[in-house]
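Since the structure comes first, as structure tokens, the remarks are kept for the end.
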Amino acid sequence: MQSTEIDKLTKLIAKLPALGTRSARRIVLHLLKKKESMLVPLIAALQDVSEHIKKCPVCGNFDTQDICNICRDTTRDTGVVCVVQDVADLWAMERVGIYKGQYHVLGGILSALEGITPEDLNIEGLFERLRAGVIKEVILALPATIDGQITAHYLLARLKEQGIKVTTLAQGIPIGAELDYMDDGTIQLALSARKEL
């Protein structure tokens, strides 16, 4: 029988993405066994993040400053904005290290099933940024799902009214993949987006 405190911690950790109750129990047990080297520093790091991390009012990224380091970076191209679903997508783009423009985090995608409407997302924040007249291109880097495509089409219609150039990430067969293991939608996208060699 575990204590109430351990049970509470296990239930909280089990709520994290990709973790269930058994994984949470193993994590809690590991933290308890390594209290000084793991649990205490984790508590301090969580407290530090809770006290200092803010959401950037410009793009939606997380940082210790009011305006995030990407939005403050004067070497980045302010004429290009990459629209992503979530901060995790922004971090993935930054991890690659090629893109040197700005970002805009929607905070989700449109979904009829989940009742997510344009008003629930940070769409108006994007159009406020466009009104400044600096942005010349918007890259839609949204998921290749039905809801992602619906969101992209919604944004495309509104962006075209503004006369802004709109591009999207190429989609298709990933490097190292075999056609036999691809789903039909991926093969269709790859075929329709083919280019001349």
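According to numbering that gives the first Met the number 0, the sequence shown is numbered sequentially starting from 0. By construction, the Cβ of each residue, glycine as well, lies at the ideal position given by its N, Cα and C atoms. Keep in mind that this is a model prediction, so the values were computed, not measured.
Asked: Complete alpha helix (DSSP H) runs within the segment 35-94 (minimum length 4 residues, chain order); Found: 39-51 and 68-71
Asked: Burial state of Ala87 (16 or more Cβ within 10 Å); Found: exposed
Asked: Length at least 4, wholly inside the segment 87-148: the alpha helix (DSSP H) runs in chain order; Found: 122-130
Asked: Neighbourhood of Ala151 by C-beta, 7 Å cutoff - its chain only, sequence neighbours within 5 removed; Found: Leu139, Leu141 and Thr167
Asked: Distance between beta carbons of Gly59 and Ile134, contact taken as under 8 Å; Found: With 8 Å as the limit, Ile134 and Gly59 do not qualify as a contact, their Cβ atoms being about 15 Å apart.
Asked: Reference Cys70, options Leu41, Gln84 and Gln101, closest by Cα; Found: Gln101
Asked: Lys164 - DSSP class collapsed to helix/strand/coil; Found: strand
Asked: Alpha-carbon spacing of Ala192 relative to Thr185, whole angstroms; Found: 11 Å
Asked: Leu15 in three-state terms, based on DSSP; Found: coil
Asked: For Gly184, the three-state DSSP class (helix, strand or coil); Found: helix
Asked: Through-space distance from Val80 to Lys7, alpha-carbon basis; Found: 42 Å
Asked: Under the three-state DSSP convention, the category Ser191 falls into; Found: helix
Asked: Alpha-carbon spacing of Gln148 relative to Leu188, whole angstroms; Found: 12 Å
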